Every structure is written in C-alpha cells, then in structure tokens.
Amino acid sequence: MTFHLGKYKYECSANALLLHFLFLTPPLVCLAQTQKEKPTVTYEELYDEPYSINKLFVGFQPLYGELSATNVNAGFGVEASYYYKDKFDLKANFRKTYSAEFFDYNRNASLKAQNDLNANYISDKPQLFDYFELGGTYHIKDFDQDSKTKMVLYKKSLKGDRWAATVPLHAEVPCKVRKIYGGRLGGIVWNSTADLSRALSQQKMTNANLTNSAGVGLPQTYTYQNQTRNVAVFGNVHSMDVYLGGSMTWIRNVAVNFDKYDDGVDDGIMTVFFDILFAPVYKIDPVSYLSHPAANTVTIDKYSTGALKTHALGFRAGIDGKFNRQFGWAYGGEFGYRPSLAGQGFYAMFKISFPIYSTNLDYKVESFGK
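Per our numbering, the sequence shown runs over residues 2 to 371.
Encoded structure:
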C-alpha cells in the first residue's frame, strides 16, 4: 500500500499495518477498562430552609492566635451570636491569654526584665492582653435565591483505612442560598503590654523624650556592678475602639437522602466583613522608674508617655464561619491595622471555636385537652 503525504511517498505492506494495529490496540483497551463509569445517584430532599436557623450560638475558643506589631499573643476565648429573624444579629466576643509564658510576649518580656536584678528599674505591673468586642449587624437586604451545593458521597462501610484510600465522589445538589447585606456597628476594648523601647526607636526618639514632673527625661542607661546597661522600657496600653463597616453573609440549610449513600447536609453560615476602626480613647500609662532600687530608700518617679505618637484610625477585614447544628464548631480570622502606637498597628488573628452550642430558643409546644 502506498501513502502520499505532501511531496513524500510512503509504502507499507498489509502485514506491517496489521502489526501496527495489534501493537497499539491493547493499550487502548486497557485504558478504556481503567476508566470506570461514574455512578449515578438519586436523592430525596429532606429540607431546604435557609431561614430556619438557630437563633443563639455560644462557643468556647480553646485557641486563638494573634500576630500583632503591638504584642504577639495567643490564648482562649468565648464567643456568642444571636439572630433576630431577618432583621439583625448581635455578636459578643471575649478573649485573653492563658499566661505570660503561653502566650503574652511583651508581658513575659517585661516580667523577665523586672525579675532580673540587673534590670529592675521599671516597676510597673505589666498588663495582660485581654480583648472584648460587642456589636451588631443590621440586615439591609436579606433574601434568598436558587443555587447549588456540592456534597461528598460517603458510606459507613468506607470508614477508616478504606475511606482514607478512596477518592471521594461529589454530587451537585440544587438548593436555596440566603444572602444578607449588612451594616455593622460596635465597640472594642482591649489592653496590653507594649514595648516602648521599640516604639521610641521606631519614632526616632529616646528615653529622654519621656519626662517626669520636673521635666527630666527617663535615663537611657543605668550602672550595676560597674557595668553600664540600657533601661528596657515597657508600658501598659488601653484602647477603646468603635467600628463601622459592612458585611455579606451566605446561609445554606439543606439536607438530602441519597439512595446508596449516607445523608448529605450543607448547613454552613459564612460571613465576610470590612470595618473602619476609630479609637476615641487610647491611653498609655506613665512609666514608673525606681531611682535607687539597690538602696535602703527607694524613690519612684512617674515619666509621661505623652511624647509617643499614636494613630486613632484603622481598618480590618475578616471572615467568620459556623454551622447550624446543636453541637458543632466554628472558625474565624481577620487582619488589619488597629489603632495603636504609630508603627505598631498591624495585626493578623485566627480563632477556632469548639465546641459550639446552638439553640432555637423555642421550647413551646401545642397542647390540646382530651
């Protein structure tokens, strides 16, 4: 047999063609055998009610972590949220560190400096990090629309190693999604220990810019056992913030019964938000300095921190998520620029809530006389 390809001519016998066919066919057959057809599943909708969510959620946060330019910290917290129909929702959150060692960086550094006989000139008790937030979201627009959700197809027979070795299949199920465009307003109070030596360095100042009532600056160094050492300066900061912003929330609350698999559920509540922060009150405590800590008589001078620059405005963006279950878990995170000492406003925080308890707060049932 003769083949023409452009100006080239190829000749091939029938036997050669047969050999080529037999050589290429087995891999194609094997490939076709490995491509199993995906199973078809049927399902029955159990409910699809994004407006029928629990009203109250209360969760314990065993761990949060905050990478902050003011003070790196981690600890625990408690968070609660309440939904009133399709009108508004409220939220409260409190968190604090477990201890100075775990994990309150500047507080721990200040305590170590005070416990060191070579550096106990600063006598203020360092402030532990604590944080309290209370706010609400008004539902500017609360509506639902058609959507879809993907559910993992799971069987109890696939648990353990079999499930770990299985590539899970997904089924796309039509459902309703509830969307909320919200306006946010609330208040925040937080306290912390700050590294004032670093703040002074960032603002191109020295300890001399912190003065006492006589106008004398805080000493830069002190002498101990004929050695000159730098005075490490820590101070306590207190902030009261107001935030104003917007959010968008997606709520799905759907469950289906698959014919050959376990029931599938998507009951997620996810919110993204952006806030502008303003601190009408930001206070840095005066620094207490022991003039003669090694003498029998000790005098304490208070040095003003008024020379330190602060910024009253900031912002944050974040995400919160939870599930519409009686017992579940939640997650969240945010980052931004918090009102604080100039140059120390950036922060990023994550949190996990487990367990989280929720209820509809409706315990009334109908009763009829016999």
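Note that CB positions come from ideal geometry on N, CA and C, so glycine has one too.
On a predicted model such as this, the values are computed, not experimentally measured, just so you know.
Residue pairing by DSSP leaves S305 without any beta bridge partner. W330 is not bridged by DSSP to any residue.
Membership of Q203 in the alpha helix (DSSP H) is indicated by the continuous run L197 to Q203. Of the candidates I357, L245 and V217, the residue whose Cα lies closest to the Cα of G188 is L245. Around the CB of Y85, fewer than 16 other CB atoms lie within 10 Å, so the residue is classed as exposed.
Here S158 is exposed: its Cβ has fewer than 16 other Cβ atoms, across all protein chains shown, within 10 Å. Between L64 and Q204 the beta-carbon gap is near 34 Å, outside 8 Å, which marks them as no contact. At the C-beta level, V232 and Y304 stay beyond 7 Å of one another. Counting along the chain, Q146 sits inside the beta strand (DSSP E) bounded by residues D131 to L154.
In the DSSP annotation of this structure, the continuous segment of the beta strand (DSSP E) that includes L291 starts and ends at V288 to L291. A contact between stretches requires three or more CB pairs, one per stretch, nearer than 8 Å, and the stretch 136 to 148 meets this requirement with the stretch 82 to 102. Counting other Cβ atoms within 10 Å of its Cβ, S100 stays below 16 and is therefore classed as exposed.
In the assembly as shown, K92 is a buried residue. Its beta-carbon has 16 or more other beta-carbons within 10 Å. Residue state for A172 is assigned as strand, using DSSP reduced to three classes. Between the stretch 71 to 79 and the stretch 336 to 354 there are three or more inter-stretch CB-CB distances shorter than 8 Å, so the stretches are counted as touching. Around the beta-carbon of N325, 16 or more other beta-carbon atoms lie within 10 Å, marking it buried. As a beta-bridge residue in DSSP terms, G236 pairs with A195.
At least 7 Å separates the beta-carbon of S359 from that of F103. I285 sits buried, since 16 or more C-beta atoms from the chains shown fall within 10 Å of its C-beta. Assignment of R108 by DSSP, reduced to helix, strand and coil, places it in the helix class. DSSP, read as helix, strand or coil, puts S158 in helix. Each of L135, Q226, E134 and S111 was checked against the Cα of D125, and the nearest Cα belongs to S111. When secondary structure is reduced to three states using DSSP, A81 falls in the strand class. With 16 or more other Cβ atoms inside 10 Å of its own Cβ, H140 counts as buried.
Here N213 carries a coil assignment [DSSP, helix/strand/coil]. When D321, L154, G218 and Y338 are compared, the shortest CA-CA separation from W330 is found for D321.
At a cut-off of 3 residues, the continuous stretches assigned as beta strand (DSSP E) that sit fully inside the stretch 39 to 103 are 44 to 49, 57 to 69, 74 to 85 and 89 to 98. With respect to G236, V273 sits apart: the two C-beta atoms are not nearer than 7 Å. The C-beta of I181 has 16 or more other C-beta atoms within 10 Å across all chains shown, which makes the residue buried.
When Cβ pairs closer than 8 Å are counted between the two stretches, the stretch 212 to 228 is seen not to touch the stretch 253 to 272, the count staying below three. Secondary structure of A114 (DSSP, three-state): helix. Shortest Cα-Cα distance from R179 to any of L291, P51 and A114 involves P51.
Counting the other Cβ atoms within 10 Å of the Cβ of E46 gives fewer than 16, which makes it exposed.
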